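Report on one structure; see the data block that follows.
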Amino acid sequence: MKSLLFRCTIFLAILTVPLPSAAEPQTVNLYTYHTHPPFMNGNGEGMTFDLATFLNQRSNGKFDFKVAPSSRARINSLVESDRWGVIPWVNPKWFNDPNKSLYLWSEQTLMQDANAIISHIRKPVDYQSAQTLQGMVFGGLNGHKYSGIDKFISKGGDLRRLDANNHLDNFNKLLRGDIDVMLMPQSGALFSIAKHNFDKDFHISPTPHSRFERRLLIINHRRQLQQFLDNILEEFEREWSAIVTRDE
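-9 is the number of the first residue of the sequence shown in the numbering used here; add one for each residue after it.
Right, here's the structure in full:
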């Protein structure tokens, strides 16, 4: 009797296993090279994971969004491929597509952001242009280019650039007085300052180095996916600041 019940249980379990069908969700990778806070904070947390959860909750089982950390070099090749996927938190100018004619972009923005100029509270810097940094030491990141600032240095401006491997290294250099200013995305700066209790140590210039918007790049011109994303991204943009506050 027990053997019969066991076989019946196995049979019923097999019947309940969903069979592949057109109704199954389509996996969509969120390829991202933004692997730093607040986008990725470790242990499966951060705004990119929140974005994936947000999209999955609203796709009604049509899509299954998964976070896929990638290098910028790999992403540069992915945008030219026939892959099914999305690249979040990027700007058309960063892909040499300022007119949004080469690739398919979300019409809705994910968020508005800026490149913040950060200094020590003891020597606050209110940025206006690269000339504002005359006579200072600028903390950059290895391999990064800085519009206006690099040009000012190359033309003989009195500004020395000292690079680090990451933004936290530059925060520590500011604390020690090794550099006078640093630059990083404002979204990340606000998160890091709160996380490391730097509130009383640093000054963020009211005028940023630059302002920009972050969008989604849809690989392989999948317009059906673009339409779905644009229908719900306005809601995400309203909520993103609350998400950052919660993660802090």
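Positions of the beta carbon are idealized from the N, C-alpha and C atoms, including for glycine. What you are looking at is a predicted structure, and each value in this text was computed from that prediction instead of being measured.
CA nearest to the CA of residue i, picked from the options
| i | options | result |
| --- | --- | --- |
| residue 29 | 52, 81, 177 and 159 | 177 |
| residue 34 | 58, 46, 14 and 15 | 58 |
| residue 82 | 74, 76 and 92 | 92 |
| residue 79 | 95, 70 and 155 | 95 |
| residue 212 | 74, 137 and 156 | 74 |
| residue 128 | 23, 67 and 159 | 159 |
| residue 155 | 17, 131 and 105 | 131 |
For residue i: DSSP bridge partner residues
| i | result |
| --- | --- |
| residue 56 | 19 |
| residue 205 | 80 |
Opening and closing residue of the alpha helix (DSSP H) in which residue i lies
| i | result |
| --- | --- |
| residue 48 | 37 to 48 |
| residue 178 | 176 to 185 |
| residue 153 | Counting along the chain, residue 153 falls outside any alpha helix (DSSP H), though it belongs to the beta strand (DSSP E) covering 149 to 154. |
| residue 142 | 139 to 144 |
Pairwise C-alpha distance: residue j and residue i
| i | j | result |
| --- | --- | --- |
| residue 134 | residue 61 | 14 angstroms |
| residue 15 | residue 89 | 32 angstroms |
| residue 38 | residue 48 | 16 angstroms |
| residue 84 | residue 207 | 11 angstroms |
| residue 216 | residue 65 | 18 angstroms |
| residue 151 | residue 224 | 39 angstroms |
Residue i CB to nearest heavy atom of the ligand NAP below 7 angstroms
| i | result |
| --- | --- |
| residue 55 | By its list of ligands, the structure shown contains no ligand whatsoever, and the ligand NAP lies outside what it can speak to. |
Assigned secondary structure, residue i (DSSP; H/G/I helix, E/B strand, else coil)
| i | result |
| --- | --- |
| residue 110 | strand |
| residue 164 | helix |
| residue 169 | coil |
| residue 211 | helix |
| residue 105 | strand |
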